[in-house]
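Report on one structure; see the data block that follows.
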Amino acid sequence: MNERKGSTLNFVELWEQWKEHGDVEAKKQLIEKHLPIVDYVSGRLAVGLPKNVSKDDLSSNGVMGLIDAVEKFDYKRGLQFETYASWRVRGAILDGLRQGDWVPRSVREKSKKLEEGYQQLEQQYLRSVTDSEMSDYLNISEREFQNLLQEVAVMTLCSLEDPIREEESETRLTLLVDEKAKNPDYKVREFYLKDSLTKGIEKLTEKERTVVSLLYYEDLSLSEIAEVMSLSPSRISQLHSKAILRLRGSLEKHRDLLMQED
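Under the working numbering, the first residue of the sequence shown carries the number 955, and numbering increases by one thereafter.
Pasting the structure below:
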């Protein structure tokens, strides 16, 4: 059994043994085989977190997410487990961070104020606003504005399992689940989500779009993006923060419009 543990054929057999026969040993092997996913995801998330956040805590929460993924994954659908598990691991780590109150309330309030500022000014000017305009809106200097972006950078880490709105249970993940039969309400919400994201990305500056593309589509880390763009890691972090704050504002605005049409 151990000699065939790493083979593709044995991997399928492990899923069959676990899902069809409840073989706990097979489940254990599936978890052990995919532990590198936890190391990879926790390592990437750790880059943008404060130093007081323990990487061991990230890994522990990540393992819980991996276990949950192994328990819920349907291998018969032909989907790639690594992708599914990565989202589950990332969601579990972020859930653990939120429950641990890793971000001071003051930082959350500052992040919300920035998000509202971008949403209000871009709705007013119908374009991407400059750092100077945001500084004026917040009544602070541009240097203080840059420091503020750096301070709230940890808040721009978001999970597909985060609620779309704080008071609701519906998450971004529920809009992306691959279901064979999609009801009309699902299709409408999916359309508005994609449309809102598209419009939001179009309003980003070229550098912000590049950071988003390299981080979420090319899967580069912030430090790797800094090398590619010949900018400092702190500058990349600021660009990422601004991009996410703008996108969140765009999603909120279009969701409010959708709710008004109901």
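For each residue, glycine too, the CB sits at the ideal point set by N, CA and C.
From the options, residue whose alpha carbon lies closest to that of residue i
i: Leu1199; options: Asp1090, Lys1161 and Ser1065; result: Ser1065
i: Ser1089; options: Arg1081, Val1083 and Phe1099; result: Phe1099
i: Trp1041; options: Ser1086, Asp1022 and Gly976; result: Asp1022
i: Val992; options: Val1061, Leu1193, Arg1031 and Ala1046; result: Ala1046
i: Leu1048; options: Gly976, Arg1189, Glu1160 and Ser1008; result: Ser1008
i: Lys987; options: Asp1028, Ala1039 and Glu974; result: Ala1039
i: Val1173; options: Leu999, Ser1188, Asp977 and Leu1205; result: Note on residue identity: the sequence assigns Asp, not Val, to residue 1173. Per the Cα distances, Leu999.
i: Val1043; options: Lys981, Gly1019 and Gln1077; result: Gly1019
i: Ser1014; options: Leu984, Leu1051 and Glu979; result: Leu1051
i: Glu979; options: Pro990, Asp1011 and Val1024; result: Val1024
i: His1194; options: Val1165, Ser1095 and Ser1177; result: Val1165
i: Leu1103; options: Ala1197, Ser1177 and Thr1152; result: Ala1197
i: Glu1160; options: Leu1176, Met1183 and Ser1175; result: Met1183
i: Gly1154; options: Ser1186, Ser1095 and Gln1077; result: Gln1077
i: Leu1205; options: Ile1179, Ser1177, Ser1095 and Tyr1072; result: Tyr1072
Residue i - DSSP class collapsed to helix/strand/coil
i: Glu1172; result: coil
i: His975; result: helix
i: Gly1223; result: The displayed coordinates of the chain run from 955 to 1216. Any statement about residue 1223 would go beyond what the structure contains.
i: Asn1015; result: helix
i: Asn1101; result: helix
i: His988; result: coil
i: Leu1080; result: coil
i: Lys1067; result: helix
i: Ser1095; result: coil
i: Lys981; result: helix
CB contact below 8 Å: residue i versus chain C
i: Tyr1170; result: Going by chain labels, chain C is absent from the structure shown, which holds only one protein chain.
Whole-angstrom distance between residue j and residue i, CA atom to CA atom
i: Ala1107; j: Phe965; result: 39 Å
i: Glu1181; j: Arg1097; result: 23 Å
i: Gly1203; j: Glu1070; result: 7 Å
i: Gly1016; j: Val995; result: 8 Å
i: Tyr1171; j: Arg1163; result: 11 Å
i: His975; j: Trp969; result: 9 Å
i: Asp1028; j: Ser1082; result: 43 Å
i: Leu1169; j: Gln1034; result: 21 Å
i: Ser1225; j: Leu1075; result: Residue 1225 is absent from the structure shown; the chain starts at 955 and stops at 1216.
i: Asp977; j: Gln971; result: 5 Å
i: Lys982; j: Gly1032; result: 21 Å
i: Gln1192; j: Asp1085; result: 11 Å
Closer than 7 Å: residue i CB and nearest the ligand ZN heavy atom
i: Ser1095; result: In the structure shown, the ligand ZN is absent, as is every other ligand, since no ligand is present at all.
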